[in-house]
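Here is the structure we will look at, set down as structure tokens.
There are 2 protein chains.
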Amino acid sequence: MQEKLRQFQRYLDKAGLKATRQRELIARAFFATTTHVSAEGLYRRVAGRHPRIGLVTVYRTLKLLKDAGLAHERQFGEGRALFEHASSEHHHDHIICTECGKITEFENYEIEALQEQIVRRLGFLIRHHKLELYGLCRECSAATGAGQGIQTAEAG
Amino acid sequence: MQEKLRQFQRYLDKAGLKATRQRELIARAFFATTTHVSAEGLYRRVAGRHPRIGLVTVYRTLKLLKDAGLAHERQFGEGRALFEHASSEHHHDHIICTECGKITEFENYEIEALQEQIVRRLGFLIRHHKLELYGLCRECSAATGAGQGIQTAEAG
DNA sequence: AGTGATATTGATAATCGTTTTCACTGTCGT
DNA sequence: ACGACAGTGAAAACGATTATCAATATCACT
Ligand SMILES: [Mn+2]
Ligand SMILES: [Mn+2]
Ligand SMILES: [Zn+2]
Ligand SMILES: [Zn+2]
Numbered sequence: 008m009q010e011k012l013r014q015f016q017r018y019l020d021k022a023g024l025k026a027t028r029q030r031e032l033i034a035r036a037f038f039a040t041t042t043h044v045s046a047e048g049l050y051r052r053v054a055g056r057h058p059r060i061g062l063v064t065v066y067r068t069l070k071l072l073k074d075a076g077l078a079h080e081r082q083f084g085e086g087r088a089l090f091e092h093a094s095s096e097h098h099h100d101h102i103i104c105t106e107c108g109k110i111t112e113f114e115n116y117e118i119e120a121l122q123e124q125i126v127r128r129l130g131f132l133i134r135h136h137k138l139e140l141y142g143l144c145r146e147c148s149a150a151t152g153a154g155q156g157i158q159t160a161e162a163g
Numbered sequence: 008m009q010e011k012l013r014q015f016q017r018y019l020d021k022a023g024l025k026a027t028r029q030r031e032l033i034a035r036a037f038f039a040t041t042t043h044v045s046a047e048g049l050y051r052r053v054a055g056r057h058p059r060i061g062l063v064t065v066y067r068t069l070k071l072l073k074d075a076g077l078a079h080e081r082q083f084g085e086g087r088a089l090f091e092h093a094s095s096e097h098h099h100d101h102i103i104c105t106e107c108g109k110i111t112e113f114e115n116y117e118i119e120a121l122q123e124q125i126v127r128r129l130g131f132l133i134r135h136h137k138l139e140l141y142g143l144c145r146e147c148s149a150a151t152g153a154g155q156g157i158q159t160a161e162a163g
């Protein structure tokens, strides 16, 4: 957390940007999150104790955090974007429960490798990809009484 | 095309909806497309010869076509949605050129199978998925002079 | 073919997350 | 401390899509 804050300060300095009170507060709140958070959600966390900060500045600071390589922006389905730490850890993809909104992360080397092959075959140069599985989590599928039989992945 | 139109008419009839002049014109224009088209794009095609049709009706008819199982709606990146025929053919995923917007389709059974495994392991019940690869197509990567060396898929 | 209940249309306004604008304020190198 | 200029926040703008609503078209039933 302290290290990430320092990284952010360093980025601002190198980019000739100013280290403002608001930026530090927002970055601190962001690094304190452990899940996927929306701009609005982060705003509420910050505004709780610092009412003078505007939602616009949260949007702007999140963009800076992305530029600094410290945040990833995700667009699940429609609606608002969610942000999460851009850990130096592994890349991961997501499973989203369409009922309760729960987001589960996973990583699968084989899928990534297969994507590689496909792309190379087609002559593309891949920059990034998006793999999202939508469905019901264990709890929600139990609750809605959906059969637990074998399900065929069919996509949209 | 004639068959798809008939399917649409049948759907409208069964759902107690009316077969209007506008719906037929819009459906006809949609079935005449061969690529991914936006609501606005389809509207322009129709409005060319039938200026009395409104964009709103295009949106509404596209929703009906989806409900009838004849169209798929895709959300690539941000911005407007694109629609394409929901052929009875195989499911497919997409590669999108971030430079020129070209969309290439592909299907890979192994990836689908791996997704199955992951999901089953996590206890989810999958409804649909989204796999999109973003990068430069052959032409654009040549034009921008990006090296043709081996590229590592790294995702966002 | 005519009637009437009601589904549909299209112009317009509303929505919603995000970005721009702009006058005022804060930061930081000097 | 000064001053250039980047940053802030309130409000307005944005862009794709959806809701409203009065006027119109469809179609089952005569
Ligand atoms: Mn994540
Ligand atoms: Mn397609
Ligand atoms: Zn759930
Ligand atoms: Zn291209």
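Top to bottom, those sequences are chains V and F. Once you know that position 65 of the first sequence is 72 in my numbering, the rest is easy, because the numbers rise by one and skip nothing. Once you know that position 48 of the second sequence is 55 in my numbering, the rest is easy, because the numbers rise by one and skip nothing. No residue lacks a Cβ here, since even glycine has one placed at the ideal position from N, Cα and C. On a predicted model such as this, the values are computed, not experimentally measured, just so you know.
C-beta contact flag for residue i and residue j at 8 Å
i	j	result
V:L19	F:V126	no
F:L129	V:T111	yes
V:H97	V:E85	no
V:V63	V:I33	no
F:Q29	F:I60	yes
V:K11	V:F38	yes
F:L138	V:L138	yes
F:I118	V:I102	no
Selected residue, minimal CA-CA separation from residue i, among the options
i	options	result
V:E31	V:R13, V:T105, V:A150 and V:H43	V:R13
F:F90	F:S45, F:L71 and F:Y50	F:S45
F:E146	F:G84, F:F38 and F:C104	F:C104
F:A203	V:A150, V:F131, V:A26 and V:S148	No statement about residue 203 of chain F is possible, as the shown extent of chain F runs from 8 to 163 and does not include it.
F:K70	F:H136, F:K137, F:F15 and F:E96	F:F15
F:A88	F:G48, F:R52 and F:A39	F:G48
V:F83	V:L77, V:A54, V:K109 and V:A39	V:K109
F:D100	V:H136, V:R51 and V:T27	V:H136
Residue i, buried or exposed, once every other Cβ within 10 Å from all chains shown has been counted against 16
i	result
V:G142	buried
F:H57	exposed
V:T68	buried
V:H79	buried
F:C166	Residue 166 of chain F is absent from the structure shown; chain F starts at 8 and stops at 163.
F:S94	exposed
F:R134	buried
V:H43	buried
V:K25	exposed
F:Q122	buried
F:Y116	exposed
F:A120	exposed
V:A75	buried
V:A36	buried
V:A22	exposed
V:G163	Summary for V:G163: the model assigns pLDDT 40, below 50, so the residue's position carries little reliability, and this model does not support an answer.
Per DSSP, cross-strand counterpart(s) of residue i
i	result
V:L140	V:I102 and F:H136
V:S45	V:L89
V:E112	V:H101
Residue i - DSSP class collapsed to helix/strand/coil
i	result
V:L77	coil
F:F83	coil
V:R13	helix
V:L32	helix
V:F131	coil
V:C107	coil
V:T64	helix
F:L121	helix
F:G71	Checking the sequence, you will find Leu at residue 71 of chain F rather than Gly. Here F:L71 sits in helix by DSSP.
F:E146	helix
F:L24	coil
V:R51	helix
V:R59	coil
F:Y18	helix
F:S94	coil
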